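*Asks:* As you go down the protein sequences, you meet chains S and Y in turn.
For the first sequence, the numbering used here assigns the number 1 to the initial residue and increments by one for each residue that follows.
For the second sequence, the numbering used here assigns the number 1 to the initial residue and increments by one for each residue that follows.
The C-beta atom is built at its ideal place from N, Cα and C for all residues, glycine as well.
This structure is a prediction, so every number in the text was calculated from the model and none was measured.
For reference, the structure I am asking about is given below.
There are 2 protein chains.
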Amino acid sequence: MKTNCETKDITVGVVGLGLMGTSFIATLLMAGHKVVAIAPLPEDLIVAPGRIYNHLVQCEKSGLLSIPPSNYLSQLAITEDYLLLYSCQLVVECVIEKSEIKRLVYEKIEKTVNKTTVIATNTSAIPITVLQKYLVEPDRFLGIHWAEPSYFTRFLEITCGANTAEIYSNWVYELSYSWDKEPTLLRKDIRGFVTNRLMYAVYREGLSLVKNGQATLEDIDKSFRYDVGSWITLMGIFRRMDYLGLENFALIFEALFPHLSNNQEVPDLMEKMVDINAKGIKNLSGLYTYTSEESLKWEEAFAAFNEEIFKLAASYPVEKGVENVTIKS
Amino acid sequence: MKTNCETKDITVGVVGLGLMGTSFIATLLMAGHKVVAIAPLPEDLIVAPGRIYNHLVQCEKSGLLSIPPSNYLSQLAITEDYLLLYSCQLVVECVIEKSEIKRLVYEKIEKTVNKTTVIATNTSAIPITVLQKYLVEPDRFLGIHWAEPSYFTRFLEITCGANTAEIYSNWVYELSYSWDKEPTLLRKDIRGFVTNRLMYAVYREGLSLVKNGQATLEDIDKSFRYDVGSWITLMGIFRRMDYLGLENFALIFEALFPHLSNNQEVPDLMEKMVDINAKGIKNLSGLYTYTSEESLKWEEAFAAFNEEIFKLAASYPVEKGVENVTIKS
């Protein structure tokens, strides 16, 4: 499905210019949009332009740009003035995960934009239906959840709240193909959306195996890297079941489901992480230990890997219809 | 960790020459072992040599071989005669998933080999502790679970039964590094081993979302392809938590765990798959629908993707210690 919208005729507002916000501003500029970027923090006015430029340079290095990075910047306005959002058909909020702050942001946005402007949040923590209540016109509100960095990932989760009108969610869904995304559209607002929710089922089971001494963190990570990692980017999980053949799954479900963890408590190991103020690679204290050199290497490795897997996945667009698949011999 | 064993001095027996058996025979030959391959079915004597040769040709195309494929075949004996297993230090059973047939195979193996020969099963369905009871000397029995195709995947799950002696599991664990694997060693025999078990937690949650109309199969597959797929091969799941920063996980666990499915029943959709005799891409009937051309394209796409992701993962051996990581600029 491709949208009929001309992206150059659609101005997108972005409120919040942290790592995530600046990353998808680059994506929106690349797609041809004009972007009005609101800096809720004064320091963002200073650092955001450099961040956005660096994202574009990354994209250029990777061959994603047809014109020089600086040319895109002419389509970008960075400002503290919410009034400049008046021309936007879509405004995406990307500020910190505090409901009260988001409420104030929505108030300022709604005062400026016209009644059919879609207002979206990038939240990954707060239900859309909860945030939606803060709006005077809740039906034009929805979630747009990006993955990081947005220009090297095709993932985009569009989530409706209880009162979102379909006309708006469908519009964003179609538009997002122009951003080079493979969007998912959740018509119901479920806790954790899709990926997080399914990954939490994995965390629950994995941490239960670790607690019971049945497997180590390292073993579980290896299994996922080398087994799941060898097919997930091609197939997803249900296509994989079709690929393996479905005949034994019902039997295994019957045998295995009663053994899976139904734990509702926060696992001890995660409580411990809170107690020791572990922030993972950021403060060198996590489920694994890190030197500062190792932490930096992980950052670099992820950036490089993400770019490579993005390109690899793009050469296997099998879910769109196999007619597009070109198999290298 | 590297084993001190010289693979050329270790003869490995393989009983069962289906797709999986012939695939890891190729891996064992490439690693330098002599291999005695037992054909439990007379037709295997005819088709297995061609299969093994084709696997080696695949490896050659991919640059994994230093000498021509045919040279490896001089180290291989294919026979119906279990007595030829007498010289093996390790015998891996890879016949169909029926306990009674496996029992007979173990009986024949044990009659031939000496008392310290390790006997292993490639089962993915039957607990090691159950199969172990069929042996006269159960302490030398364990699970060695390969992924397909074994020469393009580093995954290997070594599973101890209740009575497996550590000396044998440790020996296989070390030896498997010579096969170019990143093994996991499960000292306890858990239902579903590690990957299957964690994936079943995903299937349970995913099928519950589908049943409740909260997400579609397609949406869940997209989320996994484009989100989880963009990092899992680099990090596994717990390393990813460290990467994201751990500070919010305990809070999210608390909020989300009560919403996760604790279902113990076989999901309706899977019952339906049994009723309609769905075997996925094999009989063009599964969770998705397929033409025979599409089915073939999926087979080809998986073979090609698997080879590419194998190489990509090999360039990011970050879990071994970041000193090995070379980041491409």
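Determine, using beta carbons only, whether residue 140 (chain S) and residue 158 (chain S) come nearer to each other than 7 Å.
*Replies:* Counting from 1 along the first sequence, the entry for residue 140 (chain S) is found at position 140. Counting from 1 along the first sequence, the entry for residue 158 (chain S) is found at position 158. Taking 7 Å as the Cβ cut-off, residue 140 (chain S) and residue 158 (chain S) do not qualify as a contacting pair.
*Asks:* So with Cβ pairs under 7 Å, would you call residue 262 (chain Y) a contact of chain S?
*Replies:* Counting from one through the second sequence, the residue named residue 262 (chain Y) turns up at place 262. Chain S, which has a Cβ nearer than 7 Å to the Cβ of residue 262 (chain Y), makes this yes.
*Asks:* Could you tell me which chain Y residues have their CB closer than 9 Å to the CB of residue 179 (chain S), listed as they occur along the chain?
*Replies:* The residue you call residue 179 (chain S) lines up with position 179 of the first sequence. Under the 9 Å cutoff, chain Y gives no residues; its nearest Cβ is about 13 Å from residue 179 (chain S).
*Asks:* Name the DSSP beta bridge partners of residue 25 (chain S), please?
*Replies:* Taking the first sequence and counting its residues from 1, one reaches residue 25 (chain S) at position 25. Answer is none; residue 25 (chain S) lacks a bridge partner.
*Asks:* How far does the beta strand (DSSP E) with residue 59 (chain S) in it extend, from its first residue to its last?
*Replies:* Counted from its first residue, the first sequence places residue 59 (chain S) at position 59. Segment 42 to 61 is the alpha helix (DSSP H) holding residue 59 (chain S); no beta strand (DSSP E) there.
*Asks:* Kindly indicate if chain S contains any beta-carbon less than 7 Å away from that of residue 289 (chain Y).
*Replies:* Looking up residue 289 (chain Y) in the second sequence gives position 289. Chain S contact via Cβ: absent.
*Asks:* Indicate the three-state DSSP secondary structure (helix, strand or coil) for residue 193 (chain Y) in the structure shown.
*Replies:* Mapped onto the second sequence, residue 193 (chain Y) falls at position 193. Coil at residue 193 (chain Y), not helix or strand.
*Asks:* Quick check on residue 172 (chain Y): does DSSP put it in helix, strand or coil?
*Replies:* As a working note, residue 172 (chain Y) is residue 172 in the second sequence. Reduced to three states, the DSSP call for residue 172 (chain Y) is helix.
*Asks:* Tell me which same chain residues have a C-beta within less than 7 Å of the C-beta of residue 17 (chain S), skipping the five on either side of it?
*Replies:* Within the first sequence, numbered from 1, the residue matching residue 17 (chain S) stands at position 17. Correct list, in chain order: 37, 39, 44, 48.
*Asks:* Roughly how many angstroms lie between the CA atoms of residue 328 (chain S) and residue 24 (chain Y), to the nearest whole one?
*Replies:* Taking the first sequence and counting its residues from 1, one reaches residue 328 (chain S) at position 328. Taking the second sequence and counting its residues from 1, one reaches residue 24 (chain Y) at position 24. Because residue 328 (chain S) sits at a pLDDT of 35, beneath the cut-off of 50, its placement in the model cannot be relied upon, and the following sentence gives the value as read from the coordinates. Going by the C-alpha atoms only, they are around 24 Å apart.
*Asks:* Which whole-angstrom value describes the C-beta separation of residue 195 (chain S) and residue 12 (chain Y), a residue pair presumed to lie in contact below a C-beta threshold of 8 Å?
*Replies:* If you number the first sequence from 1, residue 195 (chain S) lands on position 195. If you number the second sequence from 1, residue 12 (chain Y) lands on position 12. Actually they are not in contact, since the Cβ atoms of residue 195 (chain S) and residue 12 (chain Y) sit about 41 Å apart, beyond 8 Å.
*Asks:* Leaving aside the five residues before and after residue 211 (chain Y) along the sequence, list all residues of the same chain whose C-beta is less than 6 Å from its C-beta, in chain order.
*Replies:* Sequence index remark: in the second sequence, residue 211 (chain Y) carries index 211 (1-based). Once the five neighbours on either side are set aside, residue 211 (chain Y) has no close Cβ partner at all.
*Asks:* List, in chain order, every chain Y residue whose beta-carbon is nearer than 9 Å to that of residue 274 (chain S).
*Replies:* Within the first sequence, numbered from 1, the residue matching residue 274 (chain S) stands at position 274. Within 9 Å Cβ-Cβ: 246, 247, 249, 250, 251.
*Asks:* In this structure, does DSSP put residue 78 (chain Y) in helix, strand or coil?
*Replies:* The residue given as residue 78 (chain Y) occupies position 78 in the second sequence. Looking at residue 78 (chain Y) - three-state DSSP - the assignment turns out to be strand.
*Asks:* Out of Y:94, Y:234, Y:7, point me to the one whose CA is closest to residue 143 (chain Y)'s CA.
*Replies:* Reading the second sequence from its first residue, position 143 is the one you call residue 143 (chain Y). Per the Cα distances, Y:94.
*Asks:* Taking only beta carbons into account, state which residues of the segment 117 to 147 of chain Y come closer than 8 Å to chain S, listed in chain order.
*Replies:* Listed in sequence order: 125, 147.
*Asks:* Since residue 166 (chain S) meets chain Y, which of its residues come closer than 7 Å, beta carbon to beta carbon?
*Replies:* Looking up residue 166 (chain S) in the first sequence gives position 166. Going along chain Y, no residue has its Cβ under 7 Å from residue 166 (chain S), so there is no contact; the nearest lies around 15 Å.
*Asks:* Measure from the alpha carbon of residue 278 (chain S) to the alpha carbon of each residue in Y:311, Y:239, Y:280, then state which is nearest.
*Replies:* In the first sequence, the residue the question calls residue 278 (chain S) occupies position 278. Residue 278 (chain S) has its Cα closest to that of Y:239, out of Y:311, Y:239, Y:280.
*Asks:* Assuming residue 331 (chain S) contacts residue 226 (chain Y) under a Cβ cut-off of 8 Å, what Cβ separation, rounded to an integer in Å, is found between them?
*Replies:* This structure leaves residue 331 (chain S) out entirely; chain S is present only between 1 and 329.
*Asks:* Three Cβ pairs or more, each shorter than 8 Å: is that satisfied between the segment 178 to 191 of chain Y and the segment 204 to 221 of chain S?
*Replies:* The answer is yes - the segment 204 to 221 of chain S touches the segment 178 to 191 of chain Y, with three or more Cβ pairs under 8 Å.
*Asks:* Under the rule that 16 or more other beta-carbon atoms within 10 Å means buried, what is residue 324 (chain S), buried or exposed?
*Replies:* Reading the first sequence from its first residue, position 324 is the one you call residue 324 (chain S). For residue 324 (chain S), the predicted structure reports a pLDDT of 39, less than 50, and the residue's modelled location is therefore unreliable. The matter cannot be settled from this model.
*Asks:* Could you give the distance in angstroms between the alpha-carbon of residue 273 (chain S) and the alpha-carbon of residue 224 (chain Y)?
*Replies:* Working through the first sequence from its first residue, we reach residue 273 (chain S) at position 273. Working through the second sequence from its first residue, we reach residue 224 (chain Y) at position 224. Looking at the two C-alpha atoms, the distance is approximately 27 Å.
*Asks:* Can you tell which of Y:176, Y:266, Y:111 has the C-alpha that lies nearest to the C-alpha of residue 207 (chain Y)?
*Replies:* Here residue 207 (chain Y) refers to the residue found at position 207 when the second sequence is read from its first residue. Of the candidates Y:176, Y:266, Y:111, the one whose C-alpha sits nearest the C-alpha of residue 207 (chain Y) is Y:266.
*Asks:* Runs of 3 residues minimum, wholly inside the segment 101 to 183 of chain Y: which ones carry the beta strand (DSSP E) assignment?
*Replies:* Runs of the beta strand (DSSP E) inside the segment 101 to 183 of chain Y: 118 to 121, 141 to 146, 155 to 160.
*Asks:* If we cut at 7 Å on Cβ distances, does residue 316 (chain S) have a partner in chain Y?
*Replies:* Here residue 316 (chain S) refers to the residue found at position 316 of the first sequence. Output row for residue 316 (chain S): interface = yes.
*Asks:* Please confirm if residue 96 (chain Y) has its CB atom under 7 Å from at least one CB of chain C.
*Replies:* In the displayed structure, chain C is absent; the protein chains listed are S and Y.
*Asks:* Give me the residue from S:61, S:53, S:21 with the minimum Cα distance to residue 72 (chain S).
*Replies:* Translated into positions along the first sequence, residue 72 (chain S) becomes position 72. The option with the nearest alpha carbon to residue 72 (chain S) is S:53.
*Asks:* Once you ignore the five residues that flank residue 285 (chain S) on each side, which residues in its own chain have a CB closer than 8 Å to its CB?
*Replies:* For this step, residue 285 (chain S) is matched to residue 285 along the first sequence. Closer than 8 Å at Cβ, skipping near neighbours: 276, 277, 278, 279.
*Asks:* Have a look at the DSSP bridge pairing and note the partners of residue 98 (chain Y).
*Replies:* Here the question's residue 98 (chain Y) lines up with position 98 in the second sequence. Bridge partners of residue 98 (chain Y): none, in fact.
*Asks:* Could you have a look at residue 7 (chain S) and say whether DSSP puts it in helix, strand or coil?
*Replies:* Position 7 of the first sequence, counting from 1, holds the residue named residue 7 (chain S). The answer is helix: DSSP assigns residue 7 (chain S) an H, G or I state.
*Asks:* Buried or exposed for residue 91 (chain Y), please, with buried defined as at least 16 other CB atoms from any protein chain shown within 10 angstroms of its CB.
*Replies:* As a first step, residue 91 (chain Y) is located in the second sequence; it is residue number 91 there, counting from the start. The residue in question, residue 91 (chain Y), is buried, as its Cβ has 16 or more Cβ neighbours within 10 Å.
*Asks:* Identify the continuous beta strand (DSSP E) that holds residue 37 (chain Y) and give its terminal residues.
*Replies:* One-based indexing of the second sequence puts residue 37 (chain Y) at position 37. Residue 37 (chain Y) -> beta strand (DSSP E) spans 34 to 38.
*Asks:* Identify the contact partners of residue 219 (chain S) in chain Y, using a Cβ-Cβ distance below 8 Å as the criterion.
*Replies:* Against the first sequence, residue 219 (chain S) aligns to sequence position 219. Going along chain Y in sequence order, the residues near residue 219 (chain S) (Cβ under 8 Å) are 184, 185, 186, 194.
*Asks:* Look at the alpha carbon of residue 32 (chain S) and the alpha carbon of residue 10 (chain S), and state the distance between them as a whole number of angstroms.
*Replies:* By one-based count along the first sequence, residue 32 (chain S) stands at place 32. By one-based count along the first sequence, residue 10 (chain S) stands at place 10. Cα to Cα, residue 32 (chain S) sits roughly 9 Å from residue 10 (chain S).
*Asks:* Closer than 9 Å, Cβ to any Cβ of chain Y: which residues of the segment 150 to 164 of chain S, in chain order?
*Replies:* Against chain Y - using a Cβ distance shorter than 9 Å - the residues of the segment 150 to 164 of chain S are 152, 153, 154, 155, 156, 157.
*Asks:* Skipping 5 residues on each side, what residues in its chain have a beta carbon closer than 7 Å to that of residue 1 (chain Y)?
*Replies:* Against the second sequence, residue 1 (chain Y) aligns to sequence position 1. Since pLDDT at residue 1 (chain Y) reaches only 36, below the 50 mark, its modelled position is unreliable, and the value read off the structure follows with that caveat. Around residue 1 (chain Y): 174, 177.
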